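Peer 1:
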Amino acid sequence: MRQVTVSLGATWQVVEILRPDGESYRDIRPLVRVNISVVAGQGDRQETGSKGYGGRERYARFIETKCWREAADGALREALVNLESVPAPAGEMDVVLGSGWPGVMLHEAVGHGLEGDFNRKKTSAFAGLMGRQVAAKGVTVVDDGTMASRRGSLSIDDEGTPTNRTVLIEDGILVGYMQDRQNARLMQMKPTGNGRRQGYAHVPMPRMTNTYMLAGGRDPAEIIASVKRGIYAANFGGGQVDITSGKYVFQCTEAYKIENGKLGAPLKGAMLIGNGPTDLNRITMIGNDLALDTGIGTCGKNGQGVPVGVGQPTLRMEGITVGGTGR
Amino acid sequence: MTDPATTSLLDRANLDRDAVRREVGRGLNGADDGELFLEYSQSEALTFDNGRLKQATYDTSQGFGLRAVKDRDRRLFARQGSAGAASDGEPGRHLAGGGNLAA
Chain E
4 MRQVTVSLGA
14 TWQVVEILRP
24 DGESYRDIRP
34 LVRVNISVVA
44 GQGDRQETGS
54 KGYGGRERYA
64 RFIETKCWRE
74 AADGALREAL
84 VNLESVPAPA
94 GEMDVVLGSG
104 WPGVMLHEAV
114 GHGLEGDFNR
124 KKTSAFAGLM
134 GRQVAAKGVT
144 VVDDGTMASR
154 RGSLSIDDEG
164 TPTNRTVLIE
174 DGILVGYMQD
184 RQNARLMQMK
194 PTGNGRRQGY
204 AHVPMPRMTN
214 TYMLAGGRDP
224 AEIIASVKRG
234 IYAANFGGGQ
244 VDITSGKYVF
254 QCTEAYKIEN
264 GKLGAPLKGA
274 MLIGNGPTDL
284 NRITMIGNDL
294 ALDTGIGTCG
304 KNGQGVPVGV
314 GQPTLRMEGI
324 TVGGTGR
Chain H
1299 MTDPATTSLL
1309 DRANLDRDAV
1319 RREVGRGLNG
1329 ADDGELFLEY
1339 SQSEALTFDN
1349 GRLKQATYDT
1359 SQGFGLRAVK
1369 DRDRRLFARQ
1379 GSAGAASDGE
1389 PGRHLAGGGN
1399 LAA
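Chains as they are written, first to last, in this note's numbering: chain E, 4 to 330; chain H, 1299 to 1401.
1. Let me see if you follow: with CB-CB separation under 8 Å, is H:LEU1336 close to chain E or not?
2. Alpha carbons only, please: which of E:PRO90, E:ALA93 and E:GLU50 is nearest the one belonging to E:LEU79?
3. Go ahead and label E:PRO310 buried or exposed: buried means 16 or more other beta carbons lie within 10 angstroms of its beta carbon, across all protein chains shown.
4. Identify the continuous beta strand (DSSP E) that holds H:LEU1364 and give its terminal residues.
5. Could you check whether E:ALA236 and E:LEU275 sit closer than 8 Å to each other, using their CB atoms as the reference points?
6. Could you have a look at E:ASP147 and say whether DSSP puts it in helix, strand or coil?
7. Name, going along the chain, the residues of the segment 309-325 of chain E whose beta-carbon falls closer than 9 Å to a beta-carbon of chain H.
8. Skipping 5 residues on each side, what residues in its chain have a beta carbon closer than 8 Å to that of E:GLY264?
9. Helix, strand or coil for H:ASP1309, going by three-state DSSP, please let me know.
10. Determine the closest residue to E:SER156 out of E:THR143, E:GLU173 and E:ARG59, with distance taken between C-alpha atoms.
11. Which residues in chain H have a C-beta closer than 7 Å to the C-beta of E:LEU21? List them in chain order.
12. Using the Cβ count rule (16 or more neighbours within 10 Å means buried), how would you classify H:LEU1374?
13. Across the segment 118-129 of chain E and the segment 241-249 of chain E, are there enough close Cβ pairs to call them in contact, namely three or more that are closer than 8 Å?
14. Restricting to Cα atoms, I'd like to know which of E:LYS140, E:VAL144 and E:GLN201 is closest to E:GLY115.
15. Just to confirm the assignment, what range does the alpha helix (DSSP H) spanning E:LEU100 have?
16. So what does DSSP say about E:ASP160, is it helix, strand or coil?
17. Please state whether DSSP places H:GLY1397 in a helix, a strand or coil.
18. Beta-carbon within less than 8 Å of E:PRO211's beta-carbon, same chain only, minus the 5 sequence neighbours each way: which residues are those?
19. Between E:THR68 and chain H, is there a C-beta pair that is closer than 8 Å?
20. Can you find the residues in the same chain that come closer than 6 Å, C-beta to C-beta, to E:VAL42, ignoring five residues on each side of it along the sequence?
21. Beta carbons nearer than 7 Å to chain E: which residues of the segment 1344-1369 of chain H have them?
22. Would you tell me roughly how many angstroms separate the C-alpha atoms of H:LEU1307 and E:ALA63, rounded to the nearest one?
23. Taking the alpha helix (DSSP H) that E:PRO223 falls in, what are its first and last residues?
24. Where do the N-terminal and C-terminal ends of the beta strand (DSSP E) with E:LYS125 fall, by residue?
25. Indicate whether the contact test is met: 3 or more Cβ pairs, each with one atom in the segment 1359-1378 of chain H and one in the segment 1329-1345 of chain H, closer than 8 Å.
26. Anyone know if the C-beta pair for E:GLY55 and E:THR297 falls short of 8 Å?
27. Taking Cβ positions only, does H:LEU1307 come closer than 8 Å to chain E?
28. Consider the Cβ of E:ARG221: report whether some Cβ of chain H lies at a distance smaller than 8 Å.
29. Under a three-way DSSP split, which group does E:GLU111 fall into?
30. In or out: E:GLN315 buried (at least 16 other Cβ within 10 Å) or exposed?
31. So which residues of chain E does H:GLY1379 contact, with C-beta pairs closer than 7 Å?
32. Can a CB atom of chain E be found closer than 8 Å to the CB of H:ALA1311?
33. Just checking, does the segment 1357-1366 of chain H make contact with the segment 24-42 of chain E on the three C-beta pairs under 8 Å criterion?
34. Please list the partners that H:LEU1292 has in chain E, where partner means a Cβ-to-Cβ separation under 7 Å.
35. When the cut-off is 8 Å and only beta carbons count, does H:ASP1314 lie next to chain E?
36. From the DSSP output, read off the bridge partner residues of E:ARG32.
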């Protein structure tokens, strides 16, 4: 181990909202985040691993030995795994996405496209598809700002609307958008408690809170065993998506080859390239292991960053383009 | 989880609640929607490199944003605030994307 970097960050935000009808709302919003990054080396080769966690609580729980040790072990394990990694294969193949943070792909490639402003302006790939089948059967996606202590949770949004559990896609059918007051009014819909802003100097707009896919019935081991040739994407770095076309690119920070249903060598430089709305229909197996991320995400939109949560169970997707330099 | 605050930011700033309400009502008269958003925040960050404290920051900020919305996309927005020492902000994993379309 050549370097260990630990960061602790916390904010304490108090907001008060006064509406023209005389109503007023107040909220206190604590937020803590811890991150541990390690650099491990062997000879001339160096690789990194990192783990973070946090939520809307005070420090106490997050600085318990059990908490930081688990994160430190996880970061070191990821770095050591990556020291053994081989170049990722390129081409179209089946991909198994891990549970938890890999839900960042769902957030980017699907969630943003279900925000009210993009749909009102018809710049989302999902515009005009309400009530239509937009994902494989069995896929249910929700945005839930009411979950206790979660990074993306709020009692009220930044317009004073109580947060909700909003079902966006139910069994593959588009049933809801995330709305602030302005877009809800213009679309003759109800605000869903998704009007959020970075701070007082920014205007509110529809933003996600904690967005995740519900669990299915498959054992994750069964999902991996079902793949003849593909990759298992256990963890991601960031990603980028174009809301209008739904096209995305994501970089794996931990991935493994799957051959004949068995996990193989760890992979370096694996990238997933695809189209969110299209790939929602390529989900063929949904795991029973729904997990939310550990509380590390900050979503950027129109220059504003807000804390969010993501999550999903283990998923199998067929025919996804993988970018890599190996065979 | 977040909690409804018991102390009003208006009271902390010694502002007359009824007078502020009247001004908000007057400022947003004729608008379809809008609000006065007040915020006070404290943030701190500590970074350790190989066990040594490398950076420590502490920051406070407070201010308000007054927004009036009319019709589809007409919007008036005024803001005023103050901030303490500059901070690195909160370390986090940023999800890029979704920010490529202007309102």
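Using N, Cα and C, we set each Cβ at its ideal position, and we do this for glycine too. Just so it is clear, the structure is predicted and the values come from calculations on it, not from any experiment.
Peer 2: With the structure as the only source:
1. yes
2. E:GLU50
3. buried
4. 1350-1368
5. yes
6. strand
7. PRO310, VAL311 and VAL313
8. ILE227, ALA228, SER229, VAL230 and LYS231
9. helix
10. E:ARG59
11. VAL1318, ARG1319, VAL1322, GLU1333 and LEU1334
12. exposed
13. yes
14. Residue identity check: residue 115 of chain E is His in the sequence provided, not Gly. Among E:LYS140, E:VAL144 and E:GLN201, the Cα nearest to that of E:HIS115 is on E:VAL144.
15. That residue, E:LEU100, is in no alpha helix (DSSP H); its beta strand (DSSP E) goes 94-100.
16. coil
17. Only weak support exists for where H:GLY1397 lies, its pLDDT of 29 falling under 50; the coordinates are left without a value.
18. Sequence check: residue 211 of chain E is Met here, not Pro. Hits under 8 Å: HIS110, GLY114, HIS115, GLU118, ASP146, GLY155, MET181, ASN197, CYS302 and VAL311.
19. no
20. ARG5, GLN6, GLN49 and THR51
21. LEU1344, THR1345, PHE1346, ASP1347, ASN1348, GLY1361, PHE1362, GLY1363, ARG1365 and VAL1367
22. 26 Å
23. 223-228
24. Where E:LYS125 is concerned, there is no enclosing beta strand (DSSP E), given that its DSSP letter is neither H nor E.
25. yes
26. yes
27. yes
28. no
29. helix
30. buried
31. TYR203 and ALA204
32. no
33. no
34. The structure shown does not extend to residue 1292 of chain H, since chain H is modelled only from 1299 to 1401, so the question has no answer here.
35. no
36. E:GLN16
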